[in-house]
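S.K.: Protein sequence lines correspond, in order, to chains A and B.
Taken in order, the first sequence gives residues 4 to 481; the numbers are from this note's numbering.
Taken in order, the second sequence gives residues 241 to 456; the numbers are from this note's numbering.
The beta-carbon is built from N, C-alpha and C at its ideal position, and this holds for glycine as well.
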Amino acid sequence: MSRIVRSGCLGHDGYVEHPTRWRRDPARFRHREGDGGPLRRDPADRLGGGVASGVAAWKGFNVTTVRIAFVLLTVVTTGGAVAAYVLAWLVIPAAGGGPSIGVKARSDSQGLGLAAGLASLLILVLLVAAALSDSWLINWAWPQVLSVAGLVLIWRNAPADEQATMRHLLQPLEAATGVTAGVATPHRRAVLRLTIAGLLLLGGVTWLFSVHGSIALLRPLGGVALVIVAIVLALGPWWLRIARELVLERQARVRAEERADIAARVHDSVLQTLALIQRRADDPAKVIQLARLQERELRSWLFEGRAPNELDADLTLAAGVRQIQQDVETRYGVPVEAVTVGDTKLDDNLSALLAAAREATINAAKWSGADVISLFAEVEPAEVLLVVRDRGQGFDPEAVPADRQGLAESVHGRMTRRGGTATVSTAVGEGTKVTLKMPIGASSPASPGGPGGHGGTGPPIKRGGRGGSSPRGKRAKT
Amino acid sequence: MSAPRVVLVDDHGLFRSGVRAELGREVDVVGEADDVQPAIALIAALLPDVVLLDVHLPGGGGQAVIQAVKAGHPQVRFLALSASDAPEDVIAVIRAGARGYVTKTISTAELADAVRRVAAGDAVFSHRLAGFVLDAFAATPSADDLKPSFDSELDQLTNREREVLRLIAQGYTYKEIARELFISVKTVESHVSSVLRKLQLSTRHQLTRWAAERRL
Chain A
4 MSRIVRSGCL GHDGYVEHPT RWRRDPARFR HREGDGGPLR RDPADRLGGG VASGVAAWKG
64 FNVTTVRIAF VLLTVVTTGG AVAAYVLAWL VIPAAGGGPS IGVKARSDSQ GLGLAAGLAS
124 LLILVLLVAA ALSDSWLINW AWPQVLSVAG LVLIWRNAPA DEQATMRHLL QPLEAATGVT
184 AGVATPHRRA VLRLTIAGLL LLGGVTWLFS VHGSIALLRP LGGVALVIVA IVLALGPWWL
244 RIARELVLER QARVRAEERA DIAARVHDSV LQTLALIQRR ADDPAKVIQL ARLQERELRS
304 WLFEGRAPNE LDADLTLAAG VRQIQQDVET RYGVPVEAVT VGDTKLDDNL SALLAAAREA
364 TINAAKWSGA DVISLFAEVE PAEVLLVVRD RGQGFDPEAV PADRQGLAES VHGRMTRRGG
424 TATVSTAVGE GTKVTLKMPI GASSPASPGG PGGHGGTGPP IKRGGRGGSS PRGKRAKT
Chain B
241 MSAPRVVLVD DHGLFRSGVR AELGREVDVV GEADDVQPAI ALIAALLPDV VLLDVHLPGG
301 GGQAVIQAVK AGHPQVRFLA LSASDAPEDV IAVIRAGARG YVTKTISTAE LADAVRRVAA
361 GDAVFSHRLA GFVLDAFAAT PSADDLKPSF DSELDQLTNR EREVLRLIAQ GYTYKEIARE
421 LFISVKTVES HVSSVLRKLQ LSTRHQLTRW AAERRL
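(1) For the 8 Å Cβ check, are there 3 or more pairs between the stretch 261–274 of chain B and the stretch 310–318 of chain B?
(2) What is the DSSP secondary structure of Leu90(A), reduced to helix, strand or coil?
(3) Which term fits Leu305(A), buried or exposed, when burial requires 16 or more other beta carbons within 10 angstroms of its beta carbon?
(4) How about Ile104(A) and Asn160(A): are their beta carbons less than 8 Å apart?
(5) For Val250(A), does the count of other Cβ atoms within 10 angstroms reach 16, so buried, or fall short, so exposed?
(6) Using the Cα positions of Glu332(A) and Ile71(A), report the straight-line distance between them to the nearest angstrom.
(7) Applying the 10 Å Cβ sphere with the 16-neighbour rule, what's the burial state of Gly101(A)?
(8) Within this structure, are the beta carbons of Gln440(B) and Gly301(B) separated by less than 8 Å?
(9) Let's test the definition: count the other Cβ atoms within 10 Å of the Cβ of Glu298(A) and tell me whether it reaches 16, buried, or not, exposed.
(10) I want to verify the contact list: residues of chain B whose CB lies under 9 Å from the CB of Gly372(A), in sequence order.
(11) Could you tell me the distance, in whole angstroms, from the CA atom of Ala341(A) to the CA atom of Val269(B)?
(12) Are there 16 or more other CB atoms within 10 angstroms of the CB of Phe422(B), so buried, or fewer, so exposed?
(13) Excluding the 5 residues flanking Ile280(A) on each side, which residues of the same chain have their C-beta closer than 8 Å to its C-beta?
(14) Report the option in Thr345(B), Arg357(B), Val373(B), His445(B) whose CA atom is closest to the CA atom of Lys415(B).
(15) Residue range of the alpha helix (DSSP H) that Asp375(B) falls in?
(16) Could you list the residues in the stretch 325–348 of chain B with a C-beta less than 9 Å from some C-beta on chain A, going in chain order?
(17) First and last residue of the alpha helix (DSSP H) that includes Lys436(A)?
(18) Return helix, strand or coil for Phe73(A), following the three-state DSSP convention.
(19) Quick one: what's got a C-beta closer than 8 Å to Ile126(A)'s C-beta in the same chain, skipping five residues either side?
(20) Look up Thr198(A) in the DSSP assignment and say whether it is helix, strand or coil.
(21) For Gly258(B), report the span of its beta strand (DSSP E) as first-last.
(22) Give me the Cα-Cα distance between Ala118(A) and Ala376(B), rounded to the nearest whole angstrom.
(23) For the alpha helix (DSSP H) containing Ala103(A), list its first residue and its last residue.
(24) Which one of Ala267(A), Ser303(A), Leu156(A) has the shortest CA to CA distance from Trp92(A)?
(25) Using a C-beta to C-beta distance shorter than 7 Å, which residues of chain A count as neighbours of Gln440(B)?
(26) Sort Ala367(A), Ala359(A), Gly345(A), Val78(A) by Cα distance to Ala380(A) and report the nearest one.
(27) Which chain B residues sit within Cβ distance under 9 Å of Gly345(A)?
(28) Counting C-beta neighbours from all protein chains within 10 Å, is the total for Asp399(A) 16 or more, i.e. buried, or is it exposed?
(29) Measure the alpha-carbon distance for Asp393(A) versus Glu362(A) and round it to whole angstroms.
(30) Which residues mark the beginning and the end of the alpha helix (DSSP H) in which Arg43(A) is found?
(31) Quick one: what's got a C-beta closer than 8 Å to Trp143(A)'s C-beta in the same chain, skipping five residues either side?
(32) Among Val232(A), Glu165(A), Gly422(A), Leu349(A), whose alpha-carbon lies nearest the alpha-carbon of Arg49(A)?
(33) Are the C-beta atoms of Gly371(B) and some chain A residue less than 8 Å apart?
(34) Between the Cα of Val269(A) and those of Leu301(A), Asp111(A), Val257(A), Gly397(A), spot the shortest distance and give me the residue it belongs to.
(35) Tell me which same chain residues have a C-beta within less than 7 Å of the C-beta of Val182(A), skipping the five on either side of it?
(36) Determine which residues share a DSSP beta bridge with Phe422(B) and list them.
In structure tokens form, the structure reads like this:
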């Protein structure tokens with residue numbers, strides 16, 4: 004999960020991060036006081052949809068109190084509160100502005116159909132279950148029809164970072180049912196599924212026998228079975244279509260992510276160069292040089308499958324940082340002071356990290372007006388830290404136009420798609436610090452088949468003459 | 241405090257006159273030398289507060305000057321200057337006894353500040369040097385470092401020292417570090433001095449090897 008934290012930073016006077024942050028966002032400050040601003044979900048402090056923290060901020064309660072109250076309510080209403088929570092998630096807009104997820108979901112006819120289909124399936128199962136026994140469990144399950152339908156709509160229409168939360172919450176479930184490919188081998192998954200099915204069957208039969216006492220009473224079951232078959236025959240094709248649409252949906256998501264990657268790359272290379280050419284229109288030699296450079300990059304990307312500026316198969320992180328330093332210095336004429344501590348082989352995630360760092364450095368070179376930019380990379384045991392910092396003019400994050408892709412997509416989007424984080428601290432007149440963190444050792448969660456994929460993260464490698472590249476832990480004495 | 245008395249040692253006359261012109265107001269440049277032997281004689285004669293010393297000199301490395309002078313006049317402090325930034329050069333002069341290291345790309349104001357700091361007995365690290373030190377003092381030692389050492393305290397950095405070095409490596413000034421970590425500038429200085437001491441005295445393999453390679 005990641006988010007851009009806006010805060011005053013590195014000022015020469017009175018640098019105190021948190022108070023500044025509240026002050027910079029008066030709406031949120033008011034919320035903490037609880038004097039009745041509009042009710043907004045607070046995605047910054049969320050476990051699920053941020054409803055509890057939103058309510059807490061709205062009324063000035065403690066978040067934990069609200070959460071405990073919610074759990075108690077769930078017990079009292081036999082699960083009704085869960086459905087209510089999901090509905091609140093749908094209906095209440097997030098604190099950052101923008102319409103609620105429900106508004107977006109209204110125009111998502113496919114999603115509505117999917118929700119209706121799943122809900123009807125669940126209702127059917129519950130009807131059958133209710134006909135067979137009058138268990139308290141079923142009372143608990145009814146409200147969840149609403150929750151499931153709501154969650155489907157949220158899943159399809161929530162912004163990317165909230166989807167990431169849901170994915171995270173669903174991970175144990177996926178692992179159990181084997182939805183996630185590659186977690187277990189197909190064979191092991193089949194065994195797991197058959198075992199679960201067998202256990203269910205055994206449990207069901209035992210249950211029936213114990214409840215009804217005699218086989219004779221099982222006769223109505225025949226009728227129930229017939230009804231089920233009839234319903235499956237009637238609605239089966241529809242459900243199949245929904246299942247197929249789910250698959251298509253996933254493919255579309257993958258395609259959308261690829262498109263976002265391509266857009267980010269084109270922005271970094273072609274659009275940047277075009278902007279430079281416009282600025283240097285009076286210097287034909289420079290323009291030609293830039294055009295040549297861009298042409299070479301584009302060719303190597305299109306025809307050799309190598310992304311511009313990045314991903315040499317045996318490139319290491321330190322070499323990548325040096326490359327950024329050289330490129331930015333030659334293209335923009337701003338000195339870059341680069342320091343790397345430790346080193347490791349590049350994988351897709353770290354290449355994305357470098358691409359984001361490159362973008363942040365170029366941003367600093369183009370807009371900050373600072374005489375020098377510092378670039379710091381450190382390989383730690385669990386993550387790679389990369390800091391891009393300048394003492395330039397800074398900017399007001401609220402005032403960046405939406406079509407300026409630099410920070411939002413090229414830096415933030417790139418990092419989140421790979422499970423990293425990007426934090427920007429800046430304020431007008433106080434310089435900018437972009438802190439990027441990318442976990443290492445984990446495979447990328449959301450982008451199968453990215454270009455140039457070559458497996459997981461290699462172990463930290465040693466540089467000749469400088470053995471101290473291995474990650475450091477907490478052994479230091481204090 | 242009166243302006244510190246400084247001797248410049250660098251084989252490039254142009255660089256010396258540039259530094260003299262720029263630093264002229266801030267410090268008192270009392271002499272210049274262009275090689276090891278003249279420098280040793282000059283320093284012994286003038287006994288300046290600080291010697292600004294180029295790491296690369298035609299008649300031997302900068303550490304030759306430091307070793308010769310330290311033997312007779314331990315009170316003279318050295319600030320190493322280099323364009324190279326190669327770790328082995330830097331580590332070698334630091335271990336020979338320099339109180340700090342800066343690159344030649346440093347701004348005049350920062351250089352003047354560094355000279356004053358060294359004159360006052362503090363240590364000065366460039367951002368690159370901070371990176372090297374973090375690298376060399378990696379908490380997980382390489383196999384070579386596992387052999388028992390006489391003083392393990394010297395072979396480890398504290399977490400606070402690491403934090404300070406990390407910020408120096410990101411180009412923070414001492415003042416900015418103090419603000420970032422909510423400590424006083426004095427405390428930052430003492431952390432850096434303690435790192436310098438470890439850098440000079442530690443028996444960690446990387447450090448000794450860097451130093452050894454350079455002397456060969």
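M.R.: Once the coordinates are examined:
(1) Cβ pair count under 8 Å is below three, so no.
(2) Within the first sequence, numbered from 1, the residue matching residue 90(A) stands at position 87. Reduced to three states, the DSSP call for Leu90(A) is helix.
(3) Here residue 305(A) refers to the residue found at position 302 of the first sequence. With a 10 Å radius around the Cβ and a threshold of 16 neighbouring Cβ atoms, Leu305(A) comes out exposed.
(4) For the purposes of this step, residue 104(A) is taken as the residue at position 101 of the first sequence. For the purposes of this step, residue 160(A) is taken as the residue at position 157 of the first sequence. Yes. Within cutoff.
(5) As a working mapping, residue 250(A) is identified with position 247 in the first sequence. The residue in question, Val250(A), is exposed, as its Cβ has fewer than 16 Cβ neighbours within 10 Å.
(6) The count along the first sequence starts at 1 and reaches residue 332(A) at position 329. The count along the first sequence starts at 1 and reaches residue 71(A) at position 68. Roughly 55 Å between the two C-alpha positions.
(7) For the purposes of this step, residue 101(A) is identified with residue 98 of the first sequence, where counting begins at 1. Exposed: under 16 other Cβ atoms inside 10 Å.
(8) To locate residue 440(B), count along the second sequence from 1; it is residue 200. To locate residue 301(B), count along the second sequence from 1; it is residue 61. Judged by their CB atoms, Gln440(B) and Gly301(B) are not nearer to each other than the 8 Å cut-off.
(9) Locating residue 298(A) in the first sequence gives position 295, counting from the first residue. Answer is exposed; the Cβ neighbour count stays below 16.
(10) Locating residue 372(A) in the first sequence gives position 369, where the first residue counts as 1. In chain order: nothing, as chain B lies at least about 16 Å away.
(11) As a working mapping, residue 341(A) is identified with position 338 in the first sequence. As a working mapping, residue 269(B) is identified with position 29 in the second sequence. Ala341(A) and Val269(B) have their C-alpha atoms roughly 31 Å apart.
(12) If you number the second sequence from 1, residue 422(B) lands on position 182. A residue is called buried when at least 16 other Cβ atoms come within 10 angstroms of its Cβ; Phe422(B) does not meet this threshold and is exposed.
(13) Translated into the one-based positions of the first sequence, residue 280(A) becomes position 277. If we look at Ile280(A) and ignore the five residues flanking it on each side, its Cβ neighbours are Val290, Leu293, Ala294.
(14) Your numbering for residue 415(B) matches position 175 in the second sequence. For the residues Thr345(B), Arg357(B), Val373(B), His445(B), the minimum Cα distance to Lys415(B) belongs to Arg357(B).
(15) As a first step, residue 375(B) is located in the second sequence; it is residue number 135 there, counting from the start. 367–376 is the extent of the alpha helix (DSSP H) around Asp375(B).
(16) Close to chain A, meaning a Cβ-Cβ distance shorter than 9 Å, are the following residues of the stretch 325–348 of chain B: Pro327, Glu328, Thr343, Thr345, Ser347.
(17) Taking the first residue of the first sequence as position 1, residue 436(A) is located at position 433. For Lys436(A), no alpha helix (DSSP H) segment is defined; the enclosing uninterrupted segment is the beta strand (DSSP E) at 435–442.
(18) Counting from 1 along the first sequence, the entry for residue 73(A) is found at position 70. Phe73(A): helix per DSSP, three-state reduction.
(19) The count along the first sequence starts at 1 and reaches residue 126(A) at position 123. Excluding positions up to five away in sequence, the list reads Val148.
(20) Here residue 198(A) is taken as the residue at index 195 of the first sequence, counted from 1. The three-state reading of DSSP puts Thr198(A) in helix, counting H, G and I together.
(21) For the purposes of this step, residue 258(B) is taken as the residue at position 18 of the second sequence. For Gly258(B), no beta strand (DSSP E) encloses it; the enclosing alpha helix (DSSP H) starts and ends at 253–263.
(22) Here residue 118(A) corresponds to residue number 115 of the first sequence, with the count starting at 1. Here residue 376(B) corresponds to residue number 136 of the second sequence, with the count starting at 1. Those two C-alpha atoms are separated by around 58 Å.
(23) Numbered from its first residue, the first sequence carries residue 103(A) at position 100. Before going on, a small fix: residue 103(A) reads as Ser here, not Ala. It is not in any alpha helix (DSSP H) - Ser103(A) carries neither H nor E in the DSSP assignment.
(24) Within the first sequence, the letter at position 89 stands for residue 92(A). Here the closest residue by C-alpha is Leu156(A).
(25) Residue 440(B) sits at position 200 when you count from the first residue of the second sequence. Ordered by position in chain A, no residue passes the 7 Å Cβ test against Gln440(B), which lies about 17 Å from the chain.
(26) As a first step, residue 380(A) must be located in the first sequence, where it is residue number 377. Of the listed residues, the one whose Cα sits closest to Ala380(A) is Gly345(A).
(27) Start at 1 with the first residue of the first sequence, and residue 345(A) comes out as number 342. Chain B residues near Gly345(A): Leu374, Asp375, Ala378.
(28) The residue labelled residue 399(A) in the question sits at position 396 within the first sequence. So Asp399(A) counts as exposed.
(29) In the first sequence, counting from the first residue as 1, residue 393(A) sits at position 390. In the first sequence, counting from the first residue as 1, residue 362(A) sits at position 359. Their Cα atoms are separated by approximately 14 Å.
(30) On the first sequence, position 40 is the one that residue 43(A) refers to. Counting along the chain, Arg43(A) falls outside any alpha helix (DSSP H), and DSSP gives it neither H nor E.
(31) In the first sequence, residue 143(A) corresponds to position 140, counting from 1. Correct list, in chain order: Thr81, Gly82.
(32) Looking up residue 49(A) in the first sequence gives position 46. Selected option, being the one with the closest Cα: Glu165(A).
(33) Residue 371(B) sits at position 131 when you count from the first residue of the second sequence. Yes, contact with chain A.
(34) Residue mapping note: residue 269(A) aligns to position 266 of the first sequence, counting from 1. Closest option to Val269(A), Cα to Cα, is Leu301(A).
(35) Translated into positions along the first sequence, residue 182(A) becomes position 179. With a pLDDT of 46 at Val182(A), under the threshold of 50, the modelled position of this residue cannot be trusted; read the value that follows with caution. Same-chain partners within the cutoff: there are none.
(36) One-based indexing of the second sequence puts residue 422(B) at position 182. Under DSSP, Phe422(B) takes part in no beta bridge, so it has no partner.
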